[in-house]
Amino acid sequence: MYRQDIRGQEYGDERDPKMYEFLQRISPSTNVHKIDKPMLIAQGMNDHHVPMSQSDHIVEYIRRNNVDVQYVIGKNEGHGFNKKSNIIDLFQIEIAFVKKIFDL
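Numbering-wise, the numbering used here comes out as the position in the sequence shown, counting from 1, plus 66.
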């Protein structure tokens with residue numbers, strides 16, 4: 067159970083069939099097959115909201131579909147990058163990614 071105890075308060079009770087169906091419909095895992103454009107995913111190694119295994123799964127699926135994906139893992143980061151050096155590194159990676167994608 068990964069944050070399951072408070073997810074219901076944030077997103078709705080998944081035990082309710084209508085809410086469960088809605089959450090399944092909007093889930094990134096349900097929709098990952100629709101991704102057909104290059105993607106940059108940044109994941110904090112200590113993220114308590116999105117476990118790294120979920121990002122690993124998404125990245126693996128995207129790569130299996132021959133879509134360009136760059137996966138950045140922030141050491142000592144949680145849900146969002148907060149350490150100055152990691153933020154600077156991520157900005158540089160994002161700039162390089164955009165330049166590559168748009169051939170700038």
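We put the CB at the ideal spot given by N, CA and C, even for glycine.
Here the structure is a predicted model, which is why all the values come from computation and not from measurement.
For residue i, the three-state DSSP class (helix, strand or coil)
i: Val135; result: strand
i: Met111; result: coil
i: Leu156; result: helix
Member of the options whose CA lies at the smallest distance from the CA of residue i
i: Glu126; options: Gly78, Tyr137 and Val116; result: Tyr137
i: Glu143; options: Asp82, Val135, Asp155 and Asp134; result: Asp155
i: Leu106; options: Leu170, Glu160, Asp169 and Lys150; result: Glu160
i: Val164; options: Asp79, Pro104 and Met118; result: Pro104
Neighbourhood of residue i by C-beta distance below 7 Å, restricted to the same chain and skipping five residues each side
i: His145; result: Gly110, Asp113, His114, His115 and Val116
First through last residue of the alpha helix (DSSP H) which encompasses residue i
i: Pro83; result: Pro83 to Ile92
i: Glu80; result: Segment: none, Glu80 is in no alpha helix (DSSP H) and carries neither H nor E.
i: Ile128; result: Met118 to Arg130
Beta-ladder partner(s) of residue i, from DSSP
i: Leu106; result: Gln136
Contacting residues, own chain, Cβ-Cβ under 8 Å from residue i (five flanking each side not counted)
i: Ile153; result: Phe147
Near the ligand MN: residue i beta-carbon under 7 Å from a heavy atom
i: Pro83; result: Among the components modelled here there is no ligand, and therefore nothing to report on the ligand MN.
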